[in-house]
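Reading through the structure tokens given below for one structure.
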Amino acid sequence: MKTEGFRKQHAEILTLVHHLKADLKNLNPSLHFQTFRNQITHLLGKVQVHLTMEDHVLYPILMQSRSQDLSSLAQDYQTEMGGIKRGLINFTQEWTAEKMREEPEGFGRAGFTLLAELETRIERENEQLYTQYDAL
1 MKTEGFRKQH
11 AEILTLVHHL
21 KADLKNLNPS
31 LHFQTFRNQI
41 THLLGKVQVH
51 LTMEDHVLYP
61 ILMQSRSQDL
71 SSLAQDYQTE
81 MGGIKRGLIN
91 FTQEWTAEKM
101 REEPEGFGRA
111 GFTLLAELET
121 RIERENEQLY
131 TQYDAL
């Protein structure tokens with residue numbers, strides 16, 4: 001399978017996402033916000049490494065594909081992920097541990113929304129883009 005390494009990275013990222021979403025569902029004042037912030041930063045780092053690999057290895061191949069559908073889909077996915085990456089970066093810049101403590105409900109909503117978006121995006125990439133590429 002051509003995408004095996006990328007799928008493995010997705011699985012690692014999704015494990016972090018699921019853990020963080022579970023923490024957000026059970027958000028309470030005793031949550032150690034600095035620890036949570038560190039986990040979000042760790043997630044961002046994993047996403048950035050993954051995207052760098054995709055952008056330099058996978059997407060150039062996909063965009064040069066003879067399949068116009070695959071090439072177009074790759075372009076759309078790359079553009080979409082750029083927005084999600086910016087969202088993660090903005091989230092880590094905006095939500096300091098202090099702000100998390102001051103506005104736990106807003107933090108919980110914003111974090112859950114962002115993580116759900118990332119989760120959905122990864123699942124779609126696995127099911128659509130990677131599956132099409134592996135079938136070539």
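Each residue of the sequence shown is one higher than the one before, counting from 1 in UniProt numbering.
Backbone N, C-alpha and C fix where the C-beta goes; we use that ideal spot for every residue, glycine too.
- For the stretch 52-113, the continuous alpha helix (DSSP H) assignments of 4+ residues that do not extend past its boundaries occur at 59-63, 68-94 and 97-102, in sequence order.
- Closest in alpha carbon position to Ile40, among Leu136, Leu88 and Glu117, is Leu88.
- Straight-line measurement puts the Cα of Lys99 at about 12 Å from the Cα of His32.
- Spatial neighbours of Val47 in its own chain (CB-CB distance under 7 Å, excluding positions within 5 residues in sequence) are listed in chain order as Ile13, Lys85 and Leu88.
- In the three-state reduction of the DSSP assignment, Leu136 falls in the coil class.
- Assignment of Asn38 by DSSP, reduced to helix, strand and coil, places it in the helix class.
- According to the DSSP assignment, Thr15 belongs to the alpha helix (DSSP H) that extends over Glu4 to Lys25.
- Closest in C-alpha terms to Thr52, from the list Gly82, Leu115 and Ala135, comes Gly82.
- From the listed residues Arg7, Asn26 and Ser65, the smallest Cα separation to Pro104 is found for Asn26.
- If you draw a 10 Å sphere on the C-beta of Arg66, you find fewer than 16 other C-beta atoms in it, and that means exposed.
- Distance from Gln9 to His56 at the Cβ level is roughly 14 Å; contact not present, criterion being Cβ atoms closer than 8 Å.
- Ala116 counts as exposed, since fewer than 16 other beta carbons sit within 10 angstroms of its beta carbon.
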